[in-house]
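Note that the numbering used here has the sequence shown beginning at 5, numbered continuously upward. Quick reminder that beta carbons are idealized off the backbone N, C-alpha and C, glycines included. This report refers to the structure that appears directly beneath it.
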Amino acid sequence: DYIHAVETASLDNGDLSEDVVDRIRNPPQSTLNISDPNDVYSLKQFLAAQHSSQQTYHDFQLNHNERYPQDPMLSLEQVKSRIAAWTGVETIEQDMCRRFCMAF
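Structure representation (structure tokens):
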């Protein structure tokens with residue numbers, strides 16, 4: 005099943021919305037400009053924590069927001085949403101463990 009799905013995969017038979025497929029087929033031709041300093045800061049923190057747990061990012065956010073409540077850092081969900089909007093790339097999550105799962 006999996007090999008067949010990979011062999012026959014296309015933009016038209018996957019789990020992508022029409023908007024995402026359209027963005028892939030017609031990518032923006034201009035340079036991305038992120039003008040909001042809080043968006044830039046949150047993106048940098050997200051990238052700094054990319055090899056860490058989600059909790060690490062949440063801790064960054066909590067610490068930042070305690071110290072600078074007037075300039076709140078985006079939540080993990082908000083920064084992921086912004087990244088999807090900026091890039092047109094969205095996550096697709098598939099349960100790879102149909103009956104059981106083992107880790108080695």
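Asked                                                                                                                             : Found
Assumed close pair Gly-92, Pro-41 - CB separation to whole angstroms, cut-off 8 Å                                                 : At roughly 23 Å, the Cβ-Cβ gap does not stay under 8 Å, so Gly-92 and Pro-41 are not in contact.
Cβ pair Gln-49, Phe-64 closer than 8 Å                                                                                            : yes
Under 8 Å between C-beta atoms of Leu-80 and Gln-54                                                                               : no
Segment limits, alpha helix (DSSP H) that includes Thr-61                                                                         : Inspection of the sequence shows that residue 61 is occupied by Tyr rather than by Thr. Segment 58 to 71, the alpha helix (DSSP H) holding Tyr-61.
Rounded straight-line distance, which links the Cα of Ala-88 to that of Ala-13                                                    : 22 Å
Neighbourhood of Met-77 by C-beta distance below 8 Å, restricted to the same chain and skipping five residues each side           : Asn-42, Tyr-45, Ser-46, Gln-49, Phe-64, Gln-65, His-68 and Asn-69
Length of the line joining the Cα atoms of Glu-4 and Asn-37                                                                       : Look at the range of the chain in this structure, 5 to 108, and you will see that residue 4 is not part of it.
Contacts around Val-24, its chain only, beta-carbon distance under 7 Å, and the 5 residues preceding and following it disregarded : Gly-92 and Glu-94
With 16 other Cβ atoms within 10 Å as the buried cut-off, status of Val-61                                                        : The residue you asked about is not Val; residue 61 is Tyr in the sequence shown. Burial call: buried.
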